[in-house]
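Chemist: Read top to bottom, the protein sequences are chains W and H.
Going by UniProt numbering, the first sequence opens with residue 1, and the numbers climb by one from there.
Going by UniProt numbering, the second sequence opens with residue 1, and the numbers climb by one from there.
Protein chains: 2
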Amino acid sequence: MHEHQISPAEWEIMRVIWTTHPITSKEINAILKEKKEWKLATTKTLIGRLVKKGMLSTEKKGRKYEYRPLVSEKESIDESIDDLLDQMCDTKVGRSIETILEKSVISKSDLERLATLIEKKKAVAPEIVKCTCTPGQCSCVH
Amino acid sequence: MHEHQISPAEWEIMRVIWTTHPITSKEINAILKEKKEWKLATTKTLIGRLVKKGMLSTEKKGRKYEYRPLVSEKESIDESIDDLLDQMCDTKVGRSIETILEKSVISKSDLERLATLIEKKKAVAPEIVKCTCTPGQCSCVH
DNA sequence: TTTTTATGACTACGGTTGTAAACTATAAAA
DNA sequence: TTTTATAGTTTACAACCGTAGTCATAAAAA
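(1) Assuming I106 of chain H contacts G136 of chain W (C-beta within less than 8 Å), just tell me the rounded distance between them.
(2) DSSP three-state call for P126 of chain W: helix, strand or coil?
(3) Can the beta-carbon of I100 of chain H be found less than 7 Å from the beta-carbon of I47 of chain W?
(4) By the 10 Å Cβ neighbour count, where 16 or more other Cβ atoms means buried, how is A125 of chain H classified, buried or exposed?
(5) Quick check on T132 of chain W - is its C-beta less than 7 Å from some C-beta in chain H?
(6) Which same chain residues end up closer than 8 Å to C140 of chain W when comparing Cβ atoms and leaving out the 5 residues on each side of it in sequence?
(7) Could you tell me whether the Cβ of R15 of chain W comes closer than 7 Å to any Cβ of chain H?
(8) I want to verify the contact list: residues of chain W whose CB lies under 7 Å from the CB of M55 of chain H, in sequence order.
(9) Find the residues of chain H that neighbour S80 of chain W, judging by a C-beta separation of less than 8 Å, and give them in chain order.
(10) Please tell me whether V51 of chain W has its Cβ less than 7 Å away from any Cβ of chain H.
(11) Name the chain W residues whose beta carbon is nearer than 7 Å to that of T24 of chain H?
(12) If we cut at 7 Å on Cβ distances, does E66 of chain H have a partner in chain W?
(13) Starting from S80 of chain W, trace the alpha helix (DSSP H) in both directions and tell me its first and last residue.
(14) Select from the segment 91-111 of chain H all residues with a C-beta closer than 9 Å to any C-beta belonging to chain W, and list them in chain order.
(15) So what's L111 of chain W in DSSP terms, helix, strand or just coil?
(16) Mind pulling the chain W residues with CB within less than 7 Å of K122 of chain H?
(17) I want to see whether chain H comes within less than 7 Å of Q5 of chain W, judged by CB atoms only; does it?
(18) Would you mind telling me which residues of chain W sit closer than 8 Å to W11 of chain H, beta carbon to beta carbon, in chain order?
(19) Kindly identify the DSSP beta-bridge partner or partners of T43 of chain H.
(20) Compare the C-beta of C140 of chain H against all C-beta atoms of chain W and say whether one is closer than 7 Å.
(21) Which one or two residues does DSSP pair with T132 of chain H in a beta bridge?
(22) If you draw a straight line from the alpha carbon of E98 of chain W to that of R113 of chain H, how long is it in whole angstroms?
(23) Cβ atoms of L111 of chain H and K121 of chain W: under 7 Å apart, would you say?
(24) CB-CB under 7 Å to H21 of chain H, same chain, minus the five flanking residues each way: which ones, in chain order?
(25) Name the chain W residues whose beta carbon is nearer than 8 Å to that of P126 of chain H?
(26) According to a CB-to-CB cut-off of less than 7 Å, which residues of the segment 20-45 of chain W neighbour chain H?
(27) So, are the CB atoms of residue 172 of chain H and T43 of chain H less than 7 Å apart?
(28) Quickly, what does DSSP pair L56 of chain H with across the bridge? List them, please.
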């Protein structure tokens, strides 16, 4: 599991800060009002935990603090993706991508980039993906 | 968040049971010996929790119990994927798929199926994906 | 300067998770 | 039938999580 572990509730906070920074706790709470019925205290607790985890930097500005992200959104998303892929057999990844594709709306340009990438990968793709699971954790023949 | 919440440690157990069932706690533990240094008691605790969560069925067979999965692996993986996608802006999904593709080995046949699916999606794909985020949680212009 | 107020820090509390020892019931072996 | 090994259950406990009240302090207002 990754070190930079962000819980779902913390993730809500991070998304706000990734979008706008520097930002104060009050502003964060105001933005999240629409989505979560959190008391200001809750927002503060989550911010505090994120600071302790090294996800946010603080800078005192007069009476309030300004928060900034110390890890990028892309970085964090990629780690989530890694965690997801780690829990399934390598041979199932292709099928899973298909599932995602099916249930998502993807822009024309993204689809084009994906098509290009797939074309490129076809050249070196194996007939069968090698499974690296612990024997007994997938149905591949070892 | 989904009801069928499976923790990482529980996931290890489920993968064994999805692969082989019915199966006993001892057999599960033996299989996981290679990967996790769990005491038999740990395996039993996790099995117990999975039963309580309604993930496994039990059937007494002589002195031991046999476990069977009550949810399929695909179902569970799909829920994990949903949870992952739910925490990012819809406009970022394409890019994330690209990331997954880049870092994974995909078989020729899977790539082909993906290519076909992408071709099909291109026909109805929008120029720009509509963002449904809470304002302030992504950089899209609302 | 004193009072008000807003802000982060501390504390709390029930739930979940990872990890496991101790307990109990019971089938199988002696 | 008595013993024993084994299977599940109960209890444990620290860390993490969601949610939030309270407190101390410092800035702003009076």
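We put the beta carbon where it would ideally sit given N, CA and C, even for glycine.
These numbers were taken from a predicted model, which means no experiment stands behind them.
Modeler: Let me lay it out:
(1) About 24 Å; that fails the 8 Å criterion.
(2) coil
(3) no
(4) buried
(5) no
(6) C89, T91, C131, C133
(7) yes
(8) What M55 of chain H touches in chain W: nothing, since even the nearest Cβ is about 15 Å away.
(9) L84, Q87
(10) no
(11) Residues of chain W passing the Cβ test: none, with the nearest at roughly 13 Å.
(12) no
(13) 73-86
(14) T91, K92, V93, G94, R95, S96, I97, E98, T99, I100, L101, E102, K103, S104, V105, I106, S107, K108, S109, D110, L111
(15) helix
(16) K108, L111
(17) no
(18) Q87
(19) Looking at the DSSP assignment, T43 of chain H forms no beta bridge with any residue, so it has no partner.
(20) no
(21) Answer is none; T132 of chain H lacks a bridge partner.
(22) 8 Å
(23) yes
(24) Y67, R68, P69
(25) V105, S107, K108
(26) T20, I31, E34, K35
(27) This structure gives no information on residue 172 of chain H, because the portion of chain H shown stretches from 1 to 142.
(28) H:P69
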